[in-house]
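Asker:
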Amino acid sequence: MQRTRDRALIPTKPYAMPRTPLPQIAVVATRALAERIRALLPRYADQCAIGLIEKTAEQALEGLQAMVKRGEIDAVVAAGRGAALLRDNLPLPVAGIAVSGYDILHALADAQALGSRVTLLSRTELSDTFAHLAPLLKVEVRHQLYQGDHEAQAFLSGLTGQTGTVVIGSSQVVQWARDAGLAAVLLYSPEAVSHALDGALELVRIARLEEAKRERLDVLVESLSEGVVAVGRDGRVESINPALARLIGVAQSWAQGRRWAELAPALSLDIVLKSGEARRDEVVVVGGRTLVTQQLPLLEGGEQVGAVLTLQESAAIERADRKLRAASQRSQFRARYRLEDVLGVSPAISTARQLALRYAGSEASVLILGESGTGKELFAQGIHLASRRADGPFVALNCAAFPEQLLESELFGYEEGAFTGSRRGGKPGLIELADRGTLFLDEIGDMPLPLQTRLLRVLQEREVIRLAGSEPIPVDVRIVAATHAALRQGVAARTFRMDLYYRLAILTLELPRLADRGDDIRLIAESLATDALRRMPASLTPAALVAALLAYSRHYHWPGNVRELQNLVERCATLAASGTPLDRNALATMAPELSDIGDQPAAIPLPAASRSAEAAAALAACGGDRQAAARQLGISRTTLWRLLKAD
Numbered sequence: 065m066q067r068t069r070d071r072a073l074i075p076t077k078p079y080a081m082p083r084t085p086l087p088q089i090a091v092v093a094t095r096a097l098a099e100r101i102r103a104l105l106p107r108y109a110d111q112c113a114i115g116l117i118e119k120t121a122e123q124a125l126e127g128l129q130a131m132v133k134r135g136e137i138d139a140v141v142a143a144g145r146g147a148a149l150l151r152d153n154l155p156l157p158v159a160g161i162a163v164s165g166y167d168i169l170h171a172l173a174d175a176q177a178l179g180s181r182v183t184l185l186s187r188t189e190l191s192d193t194f195a196h197l198a199p200l201l202k203v204e205v206r207h208q209l210y211q212g213d214h215e216a217q218a219f220l221s222g223l224t225g226q227t228g229t230v231v232i233g234s235s236q237v238v239q240w241a242r243d244a245g246l247a248a249v250l251l252y253s254p255e256a257v258s259h260a261l262d263g264a265l266e267l268v269r270i271a272r273l274e275e276a277k278r279e280r281l282d283v284l285v286e287s288l289s290e291g292v293v294a295v296g297r298d299g300r301v302e303s304i305n306p307a308l309a310r311l312i313g314v315a316q317s318w319a320q321g322r323r324w325a326e327l328a329p330a331l332s333l334d335i336v337l338k339s340g341e342a343r344r345d346e347v348v349v350v351g352g353r354t355l356v357t358q359q360l361p362l363l364e365g366g367e368q369v370g371a372v373l374t375l376q377e378s379a380a381i382e383r384a385d386r387k388l389r390a391a392s393q394r395s396q397f398r399a400r401y402r403l404e405d406v407l408g409v410s411p412a413i414s415t416a417r418q419l420a421l422r423y424a425g426s427e428a429s430v431l432i433l434g435e436s437g438t439g440k441e442l443f444a445q446g447i448h449l450a451s452r453r454a455d456g457p458f459v460a461l462n463c464a465a466f467p468e469q470l471l472e473s474e475l476f477g478y479e480e481g482a483f484t485g486s487r488r489g490g491k492p493g494l495i496e497l498a499d500r501g502t503l504f505l506d507e508i509g510d511m512p513l514p515l516q517t518r519l520l521r522v523l524q525e526r527e528v529i530r531l532a533g534s535e536p537i538p539v540d541v542r543i544v545a546a547t548h549a550a551l552r553q554g555v556a557a558r559t560f561r562m563d564l565y566y567r568l569a570i571l572t573l574e575l576p577r578l579a580d581r582g583d584d585i586r587l588i589a590e591s592l593a594t595d596a597l598r599r600m601p602a603s604l605t606p607a608a609l610v611a612a613l614l615a616y617s618r619h620y621h622w623p624g625n626v627r628e629l630q631n632l633v634e635r636c637a638t639l640a641a642s643g644t645p646l647d648r649n650a651l652a653t654m655a656p657e658l659s660d661i662g663d664q665p666a667a668i669p670l671p672a673a674s675r676s677a678e679a680a681a682a683l684a685a686c687g688g689d690r691q692a693a694a695r696q697l698g699i700s701r702t703t704l705w706r707l708l709k710a711d
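Residue numbers (our numbering): 65 to 711.
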């Protein structure tokens, strides 16, 4: 008997179980049950690593807790009251070996082979199970309940010497009975043990899935730049990420388990814990930093189990907001033309192009001067795309195109309710939309004085206030302005603010008139003609079209500059597409502004196909009368006949 008790106290291998990818199952059982478990070990060799601890649950508890702390086990299997004890004291799954009707029948069958007087000795009441099994039993069975170990041992001592007595019970009961010299049968069948092991494996599988989810969530939370903390119902920290720990100046491990309200009083979650209601978008100041917080209750199964706090620095939110605004407007507000797209090799335009390239390397405001049509916006776009702001928006506004009130709302934006018909939620102005980019203000000389004052403040303070707004919005924007008017005269006449003029004219760029660009006129006209003729079914070449146009405009001063040249090229392309020769009469009709038409050069001959089509059209218009058609075309009947035959 002494030898048996010593064996039960011997530590077994689970206390040094190696950590492997297989689930680690510790089974707590005394001798009789341990023998049954040992017989099942080969069946589970490829499914899990089973460590058998031949002790009572009370004796094994301390060792198991140490193993849990070292991470050496995933689940525990135990029987009866021992399973309940371990479940209450271990933070991992515990599978109990349960007794079923099958186990009782199996044990009774084994007991009948050993004796005729069978006693079931147990701590729990099994009367319901016996009531269902009674009709199947061919032997009388006595069911005896006991409360404590001494009571069970005293009962077994009273059975000593009774012939044919067999005891059915737990592993501990079987051990006591055998120590008393009685025949005994273990109540737990191999199937019950196998079912418990299978249950433990399933619990480990589920626990590992949950652990993997938690690890993924932990990695996500750890990587967040926003601060995050979760507390339990008692307000103590259960989880805190590095960002928030750094913000309040504590170590993550040190903060675990401490009351959050004591660590960061300004960020207390007590109100949410008491009310269960979320508190969103609250602004607090901690350590000189302005923070925006979200406080939410944590719910499990509809019941509040704690609260969570997330926070961001207001500066980070502002940066994100600016990036979102820039991204959303990037496709709408973007520059298309680069400085190398400016055609021309004349000294005047080459100098302007080189100066603009130097200005692109600066952050100072630029004032572009030049007559209408000289390409002021094209140069503004080129400066933007050559600057460090090239990836930002390019926002253009013609100050002469809007009345004062509308110009103000377009430029500065407005809050909801600023005026009748204002958009719900308000609207950002073009200054805001140009953040981190360039704002091009064309015809700046036409901006009303009150708006000049507001624009000056934007340039000085680097912030804008919407109409009906109270909070300034920081902006990082470069201003490029343009005008055809003499702003200095406007300053003298007090129609333009002197301080704004000097803010805008830090860098000035004057663009030459088209008339001062010499051979650039032909170069630009041919480029425009190429585009125009690509859209029209004309066989005339761009060079021929331009030659005809420039032949009648050698001394023309082009007051409309490039824009006027484009207009005349389009007209000539339309004439060519209709089959009309580009002669003196046609150009005089289509371009009367060319007042210096000199000696009439030979008309540019139309291709044969176009002249044939013209002859056929004239004949049709004259109802088939060839003489009338020839008279209308100014040709002989023979020539008309030849053109019709060629068609």
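A virtual CB, placed ideally from N, CA and C, is assigned to each residue, including glycine. Note that the structure is a prediction, hence the values are computed from the model and not measured.
Please confirm whether any heavy atom of the ligand FMN lies closer than 6 Å to the CB of Gly-434.
Answerer: The ligand FMN is absent from the structure shown, which contains no ligands of any kind.
Asker: Check Gln-691 in the structure and name its three-state DSSP category.
Answerer: The sequence position of residue 691 within the sequence shown is 627, counting from 1. In this structure, Gln-691 counts as helix in the three-state DSSP scheme.
Asker: Quick one: what does DSSP say Lys-119 is sitting in, helix, strand or coil?
Answerer: Here residue 119 refers to the residue found at position 55 when the sequence shown is read from its first residue. In this structure, Lys-119 counts as coil in the three-state DSSP scheme.
Asker: Inspect the beta-carbon positions of Val-347 and Val-356 and report whether they are closer than 7 Å.
Answerer: Along the sequence shown, one-based indexing puts residue 347 at 283. Along the sequence shown, one-based indexing puts residue 356 at 292. Yes, they are a contact pair.
Asker: Cβ atoms of Ile-508 and Thr-572: under 7 Å apart, would you say?
Answerer: Stepping through the sequence shown from its first residue, residue 572 is reached at position 508. Stepping through the sequence shown from its first residue, residue 508 is reached at position 444. Taking 7 Å as the Cβ cut-off, Thr-572 and Ile-508 do not qualify as a contacting pair.
Asker: What does Ser-303 pair with, by DSSP beta-bridge criteria?
Answerer: Here residue 303 refers to the residue found at position 239 when the sequence shown is read from its first residue. DSSP lists Ala-294 as partners of Ser-303.
Asker: Below 8 Å, how does it come out for the stretch 569-583 and the stretch 597-615: are there three or more Cβ pairs, yes or no?
Answerer: no
Asker: Along the chain, where does the beta strand (DSSP E) that runs through His-207 open and close?
Answerer: Locating residue 207 in the sequence shown gives position 143, counting from the first residue. His-207 -> beta strand (DSSP E) spans 205-209.
Asker: Check whether the Cβ atoms of Leu-503 and Val-555 lie closer than 7 Å to each other.
Answerer: Here residue 503 refers to the residue found at position 439 of the sequence shown. Here residue 555 refers to the residue found at position 491 of the sequence shown. No, the Cβ-Cβ distance between Leu-503 and Val-555 is not below 7 Å.
Asker: Of the residues Ala-264, Ile-114, Val-459, Val-91, which one's Cα is nearest the Cα of Ala-124?
Answerer: Reading the sequence shown from its first residue, position 60 is the one you call residue 124. Nearest of Ala-264, Ile-114, Val-459, Val-91 to Ala-124, Cα basis: Val-91.
Asker: Does the distance from the C-beta atom of Ala-171 to that of Leu-251 stay below 7 Å?
Answerer: For the purposes of this step, residue 171 is taken as residue 107 along the sequence shown, with counting starting at 1. For the purposes of this step, residue 251 is taken as residue 187 along the sequence shown, with counting starting at 1. Cβ distance < 7 Å, so Ala-171 and Leu-251 count as in contact.
Asker: In angstroms with no decimal places, state the Cα-to-Cα distance between Gly-321 and Ala-315.
Answerer: As a position in the sequence shown, residue 321 is number 257, starting the count at 1. As a position in the sequence shown, residue 315 is number 251, starting the count at 1. Inter-residue distance for Gly-321 and Ala-315 is about 12 Å (C-alpha atoms, whole angstroms).
Asker: Below 6 Å CB to CB, which residues in the same chain sit around Ser-617 once its five sequence neighbours on both sides are set aside?
Answerer: Taking the first residue of the sequence shown as position 1, residue 617 is located at position 553. Excluding positions up to five away in sequence, the list reads Leu-658.
Asker: What does the alpha-carbon distance come out to for the pair Ile-495 and Val-528?
Answerer: Residue numbering aside, residue 495 sits at position 431 when the sequence shown is read from its first letter. Residue numbering aside, residue 528 sits at position 464 when the sequence shown is read from its first letter. About 8 Å.
Asker: Rounded to the nearest angstrom, what separates Leu-708 and Ala-399 at their Cα positions?
Answerer: As a working note, residue 708 is residue 644 in the sequence shown. As a working note, residue 399 is residue 335 in the sequence shown. So the two alpha carbons sit approximately 52 Å from each other.
Asker: Can you grab the Cα-Cα spacing for the pair Thr-99 / Leu-116, in whole Å?
Answerer: For the purposes of this step, residue 99 is taken as the residue at position 35 of the sequence shown. For the purposes of this step, residue 116 is taken as the residue at position 52 of the sequence shown. The sequence as given places Glu at residue 99; Thr does not occur at that position. Linking Glu-99 to Leu-116 through their CA atoms gives a straight-line distance of about 10 Å.
Asker: Hey, Ala-342 and Leu-363 are a contact pair by Cβ (cut 8 Å); roughly how many whole angstroms apart?
Answerer: The residue you call residue 342 lines up with position 278 of the sequence shown. The residue you call residue 363 lines up with position 299 of the sequence shown. Going by Cβ atoms, the distance from Ala-342 to Leu-363 rounds to 11 Å, so no, they are not a contact pair.
Asker: Less than 6 Å between C-beta atoms, sequence neighbours within five positions excluded: which residues of the same chain meet that for Asp-510?
Answerer: The residue given as residue 510 occupies position 446 in the sequence shown. Correct list, in chain order: Cys-463, Ala-464.
Asker: Just verifying my parser: in three-state terms, what is the DSSP assignment at Val-633?
Answerer: As a working note, residue 633 is residue 569 in the sequence shown. Helix, per DSSP.
Asker: Give me the Cα-Cα distance between Gly-365 and Ala-450, rounded to the nearest whole angstrom.
Answerer: If you number the sequence shown from 1, residue 365 lands on position 301. If you number the sequence shown from 1, residue 450 lands on position 386. When rounded, the distance between both Cα atoms is 59 Å.
Asker: What residue range does the alpha helix (DSSP H) around Ser-186 cover?
Answerer: Locating residue 186 in the sequence shown gives position 122, counting from the first residue. No alpha helix (DSSP H) contains Ser-186, which is instead part of the beta strand (DSSP E) from 181-186.
Asker: Got a sec, what are the start and stop residues for the beta strand (DSSP E) Pro-411 sits in?
Answerer: Along the sequence shown, read from residue 1 onward, the residue named residue 411 stands at position 347. Element bounds for Pro-411: not the beta strand (DSSP E) but the alpha helix (DSSP H), 411-424.
Asker: Can you give me the start and stop residues for the alpha helix (DSSP H) that Gly-437 sits inside?
Answerer: Here residue 437 corresponds to residue number 373 of the sequence shown, with the count starting at 1. From DSSP, Gly-437 is part of no alpha helix (DSSP H); its letter is neither H nor E.
Asker: Mapping DSSP to helix, strand and coil, what is Pro-106?
Answerer: Locating residue 106 in the sequence shown gives position 42, counting from the first residue. Note: Pro-106 maps to helix in three-state DSSP.
Asker: Quick one: complete beta strand (DSSP E) runs, 3+ long, within the stretch 538-572?
Answerer: Fully enclosed beta strand (DSSP E) runs of 3 or longer: 541-547.
Asker: Can you name the residues that DSSP bridges to Asn-649?
Answerer: In the sequence shown, counting from the first residue as 1, residue 649 sits at position 585. Note: Asn-649 sits in no beta bridge, so no partner.
Asker: With distances taken Cα to Cα, identify the nearest neighbour of Arg-402 among Val-163, Gly-490, Ile-543, Phe-443.
Answerer: Within the sequence shown, the letter at position 338 stands for residue 402. Residue Phe-443 is the option with its Cα nearest to Arg-402.
Asker: What residues match up with Tyr-166 in a beta bridge as DSSP calls it?
Answerer: Translated into positions along the sequence shown, residue 166 becomes position 102. Answer is none; Tyr-166 lacks a bridge partner.
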